[in-house]
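Heads up: the sequence lines are chains A and B, in that order. First residue of the first sequence: 1, per the numbering used here; consecutive thereafter. First residue of the second sequence: 1001, per the numbering used here; consecutive thereafter. In what follows, a single structure is set out as structure tokens and then discussed.
There are 2 protein chains.
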Amino acid sequence: MTIFSERVENEKLGLEKVGEVVRLLGWVQRRRDHGGLIFVDLRDRSGMVQVVFGPENMGEGFTLAESLRSEFVVSILGRVIARPQGMVNVNLASGGIEVIAESLEILNGSKNPPYYIVDQVDVDETVRLKYRYLDLRRPEMQNVFKIRHRVTQIMRNFFDSQGFYEIETPMLTKSSPEGARDYLVPSRVRPGEFYALPQSPQIYKQLLMVGGMEKYFQIVRCFRDEDLRADRQPEFTQLDVEMSFVEVEDILPMMERLMVQIFSETIGKKVEMPFPRLTYKEAMDRFGSDKPDTRFGMELIDVGDLVGKTGFKVFANAVANGGSVKCICAKGCSSLPRREIDELGKFVSTYRAKGLAWIVLGEEGIKSPIAKFFTELEMSALLERTRAETGDIVFFVADTYSIVSDALGHLRLELAKRLGLIPEDAMNFLWVTEFPLLEYDEEQQRHIAIHHPFTAPMDEDLPLLESEPLSVRAKAYDMVLNGTELGGGSIRIHKRGIQEKLFNLLGLSQEEAVDKFGYLLEAFEYGTPPHGGVAFGVDRMIMLLTGKDNIRDVIAFPKTQSASDLMAQAPSVVADKQLQELHIKTVKTV
Amino acid sequence: MTIFSERVENEKLGLEKVGEVVRLLGWVQRRRDHGGLIFVDLRDRSGMVQVVFGPENMGEGFTLAESLRSEFVVSILGRVIARPQGMVNVNLASGGIEVIAESLEILNGSKNPPYYIVDQVDVDETVRLKYRYLDLRRPEMQNVFKIRHRVTQIMRNFFDSQGFYEIETPMLTKSSPEGARDYLVPSRVRPGEFYALPQSPQIYKQLLMVGGMEKYFQIVRCFRDEDLRADRQPEFTQLDVEMSFVEVEDILPMMERLMVQIFSETIGKKVEMPFPRLTYKEAMDRFGSDKPDTRFGMELIDVGDLVGKTGFKVFANAVANGGSVKCICAKGCSSLPRREIDELGKFVSTYRAKGLAWIVLGEEGIKSPIAKFFTELEMSALLERTRAETGDIVFFVADTYSIVSDALGHLRLELAKRLGLIPEDAMNFLWVTEFPLLEYDEEQQRHIAIHHPFTAPMDEDLPLLESEPLSVRAKAYDMVLNGTELGGGSIRIHKRGIQEKLFNLLGLSQEEAVDKFGYLLEAFEYGTPPHGGVAFGVDRMIMLLTGKDNIRDVIAFPKTQSASDLMAQAPSVVADKQLQELHIKTVKTV
């Protein structure tokens, strides 16, 4: 019999085990000496238990017990006893019992760790990343990976039960940078040529639909060589789904059912179906965002029609120039100090708003630098529209529709945070639909695809594709949870002619289109079924489920914001011979 | 209601559906016109069904039906009827019924495909790879990916039920080429530095054990930049498993249970447990191979003790020089023509054997060029040992143990194939254990690890580590099925001292060891539990389950033997700007 097969995990230790002799395996969390006895908190993946070593039960082995230190790995045989009434530790699942050790084997020793293996650890992240193998021992990290495993299992069993096949797509693919920068891999066999690591399996999954696989999914690693923000990693994990013969209505309810199951089975959260849906236009109009947080109100209110003719030129001009004037009403904020209001003005300027106008409805009446520009009638119309009451402030931004939305959308979130309006345990799922197909990129002087170049236009907007491309809506959808985009997708183009038109609108010449995507265009000519799908960010979903605000906390071996692995020390310099074989050399940059 | 939600898959169509109107979706396999009607074999992922279009039921839509061609994608509403008695197609699951179409929508057309989408396709593999999306439509390919999905689902649910967590390890790792060549990825952020794509997650999974994860598994992509044989791909998929606190006895039965489940649930094959075990020495002695095919006998027989003193110098010298003389007895082959025997001599010479001696036991007595060197007594001792009877041939090789084993081991397989000795439906699983830890590489003039440098020596052989390293056996094991290695693993070293000694034996200086593996050595000092695991080749397992003999047939988008993707045309030349950003340039080689 091996120690592993005898083993009882700490979480299994309770009053029903009292009297039994059990084999425990784990790490010494803490050792205390008291009254001639040695008390050890023994930690394993499942939890903690108190083990008591005494000379009486241990005999000669007691000397060995005296050598125990934090993070020693041990194998213990001991008898489970109930703790006396007053000694029960209610903070511990096994707190009703303790184990009286009868034998001890030290499986491995440990140097003093660079920091203590506890949850509320106050140590620089670079140290945690360097000693990642120690950091992973902390119970909260263990819980993250337990949940992460649970989530991917649920996903796989969900799609399996719906008749999907998980099919693996290549990691060594063709470079066709459309959005982000590719990671490249030099070819040894074909000098001067390179593979690219996939930014997503988009084209491959579409070709699986051409290949008659009908229902595909994959939990797959993707890569983007971009400068990293807090919630980005150079390699990340995506739940990737594609189906044939579907319309939007087939995909959305299915993904809702998946979310309901994940949230209920991992964190016990009940989520209601169906999820509310907002068109992109409605989301922008009401929340100034394509991923609105609907856990609180304070919606954007359009007052353009009320202020276009007023004496306040800033507002009147905005309307006259085809722009917008909108506001939000911050309830009960009338006592906000002037300094904070000025700060909010700076805040919205980071979103390109040129100013933030405001009306305070104090106990002593209206206070506002812009009040003087309005007639009494105009003012009362404004206040009626905003439903502002005594005690509120109304904030206004006047500019293009896009700047007004962006500035007020962010101001809304900022105020909600400051005012504590966000119910922390709410889970507000929703869909945003009918995204525009294209937007115009001023810098590149061309149209770019809002989702990606394979997204199908809405049928009723097809006639606008050439005359008014920016008005064309896409069969695209995003799932949003509490203001965070969880994932999104679309129905894809499945006809060569439309796909070519799209590439053309994106500024690709016919030659470039064929060079980059020729095999997809050709595939479209051989009986490609209508198809569509979604991609969800797994890392971000785990962050939301575990309440982490750093993506590095939900990845076992993450990279820093400069894309380094501090533990393994990657990237690193390699041997000249390796580069020669790959027909490349490094170039010194000044 | 969408067409997708109404849809009935072809496999669901049987006599119990007669009278119902069903929505069918799929591809036109074949269209025939007969007696004013149009007959279409409609193919979907699940199978085939016959659909009949007639002017009577279709009305004006009949004109549309007349435009149908192979590989058109269609949506059909039709009524299921029973076929008349004599018209039942027994080759088709739905052969008892046909569908009388009432309406037709062509979802997409198709050009004439470059080859027909049928199983017994006789077309060059380069064409199949270029049009991979068409090749995947063939029913046998669809079946491969159905089974492949089933296998990975079984694996995941198996390990989940045993308390394992699936944890993802990085794809952008540190280069430390020990065995094969690494694929490299230049870093943009750190000029002159490179990541490597993992050859396996070996070190990361060990660090997960240091990190207290206790039970880890992953189905993971791995990479090797080597010249490819028929059963290798530059990227391949591995079932990777690691556990803490285990011994060999904990791992082997677990993996057996997994195999029993996979073979039973995917191809309905009952596999007996426990699997036989052979030590490496026994496998080499009896079968001349560390992955013996035990579906037939013809084992190697040692006759060194009988021939060492005989007058046949070739044999006597081999024994005197510490080598071996062994033979196999090929039953009923006495009439093998001399030409074929000579061919077998050439065959063994490819395994470095200098000659193949033989004794034919024909009806007319013994025929053998070496018979004259033996006394009657010596000859009868030989024949007794080999249990040769009239009608057999005995083949001998004399050389070093290693050459004798290799040559006769391969001769044994070759003869079994020629003689049809291999029962095709047998599934002979076994374990080979107690591998040597090291072998000596003459070319590199140093020891190399037979499994990998992290494999633990057997406890009883530890004292030999310095004095006689080549005699040290490892806690390593391979699972073999019908002469193919399915996977293998080991208990790992978990103490820094032993790991350092191993690196040293492998010719790494202390500095090199720290440079390449310093983080692992350091980790070993902080309470590393005893641990071990396995890795199984998923692609190869699918090949065995589906009876394919080409690894490219079990990978959705495989690469050729020159590591090219003929469909996507990867690798390819990339933009100069991309290389500049990565601080590399390509080098022209002559």
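The beta-carbon is built from N, C-alpha and C at its ideal position, and this holds for glycine as well.
Where proline 186 (chain A) falls, given that 16 or more other Cβ within 10 Å makes a residue buried: buried
Closer than 8 Å to chain B by CB, leucine 25 (chain A): yes
For histidine 1034 (chain B), the residue or residues it bridges with in DSSP: B:Leu1037
Neighbourhood of glycine 1192 (chain B) by C-beta distance below 8 Å, restricted to the same chain and skipping five residues each side: His1583
Straight-line gap, isoleucine 359 (chain A) to glycine 365 (chain A) (C-alpha atoms, nearest Å): 10 Å
Alpha helix (DSSP H) runs wholly inside the region 1057 to 1122 of chain B, at least 4 long, in chain order: 1062 to 1065
Simplified DSSP state of phenylalanine 263 (chain A), which is helix, strand or coil: helix
Between the CA atoms of aspartate 1399 (chain B) and alanine 1600 (chain B) - distance to the nearest angstrom: Since the displayed chain B opens at 1001 and closes at 1590, residue 1600 (chain B) lies outside it and no answer follows.
Start and end residues, beta strand (DSSP E) containing histidine 1447 (chain B): 1446 to 1449
CA nearest to the CA of aspartate 1044 (chain B), picked from B:Pro1530, B:Met1001, B:Glu1140: B:Glu1140
Contact set for phenylalanine 245 (chain A): own chain, Cβ-Cβ below 7 Å, skip 5 residues either direction: Pro529, Pro530
Selection from A:Gly311, A:Gln578, A:Phe236, A:Ile370 that minimises the alpha carbon distance to phenylalanine 557 (chain A): A:Phe236
Every unbroken alpha helix (DSSP H) inside the region 110 to 195 of chain A [4 residues or more]: 125 to 130, 132 to 135, 139 to 161
Same chain, Cβ closer than 8 Å to glutamine 1548 (chain B), neighbours up to 5 away in sequence not counted: According to the sequence shown, residue 1548 (chain B) is lysine rather than glutamine. For lysine 1548 (chain B), where only same-chain residues beyond five positions count, the Cβ hits under 8 Å are Val1144, Ile1542, Val1554.
Environment of threonine 1546 (chain B) [buried if 16+ CB atoms lie within 10 Å]: buried
In DSSP terms, what arginine 277 (chain A) is bridged to: A:Trp431
Which listed residue (A:Glu71, A:Ile403, A:Thr310, A:Glu363) has its alpha carbon closest to that of alanine 388 (chain A): A:Glu363
Simplified DSSP assignment, three categories, for methionine 567 (chain A): coil
Sequence-distant residues of its chain with Cβ nearer than 6 Å to glutamate 434 (chain A) (five each side left out): Thr279, Tyr280, Arg473
Residues that DSSP places opposite alanine 535 (chain A) in a beta bridge: A:Asp240, A:Gly488
DSSP-derived helix/strand/coil call for leucine 462 (chain A): coil
Backbone CA spacing between arginine 132 (chain A) and isoleucine 1076 (chain B) [nearest angstrom]: 57 Å
DSSP-derived helix/strand/coil call for aspartate 549 (chain A): coil
Nearest neighbour of aspartate 1459 (chain B), chosen from B:Arg1446, B:His1452, B:Leu1437, B:Leu1134 [CA to CA]: B:Leu1437
Closer than 7 Å: glutamate 71 (chain A) CB and nearest the ligand ZN heavy atom: For the ligand ZN, the structure offers nothing, since it holds no ligand at all.
Alpha-carbon to alpha-carbon, lysine 1367 (chain B) and glutamate 1299 (chain B): 22 Å
Spatial neighbours of glutamine 561 (chain A) in its chain, beta-carbon cut-off 6 Å, leaving aside the 5 residues before and after: Leu228
Whole-Å CB distance - phenylalanine 72 (chain A) paired with valine 28 (chain A), under 8 Å assumed: 5 Å
Alanine 1196 (chain B) versus aspartate 1182 (chain B): straight-line alpha-carbon distance, rounded: 6 Å
Residue from A:Gly78, A:Glu485, A:Gln444 with nearest C-alpha to phenylalanine 429 (chain A): A:Glu485
Proximity test, Cβ basis, 8 Å: arginine 1190 (chain B) and chain A: yes
Range of the contiguous beta strand (DSSP E) that encloses threonine 386 (chain A): No beta strand (DSSP E) holds threonine 386 (chain A); the alpha helix (DSSP H) holding it covers 376 to 386.
Bounding residues of the beta strand (DSSP E) (the contiguous stretch that carries phenylalanine 1395 (chain B)): 1393 to 1399
DSSP three-state assignment for lysine 269 (chain A), whether helix, strand or coil: coil
Per-residue burial, alanine 535 (chain A) [other beta carbons within 10 Å of its own, 16 or more giving buried]: buried
Sheet register partners of valine 1051 (chain B) (DSSP bridge): B:Val1040, B:Val1099
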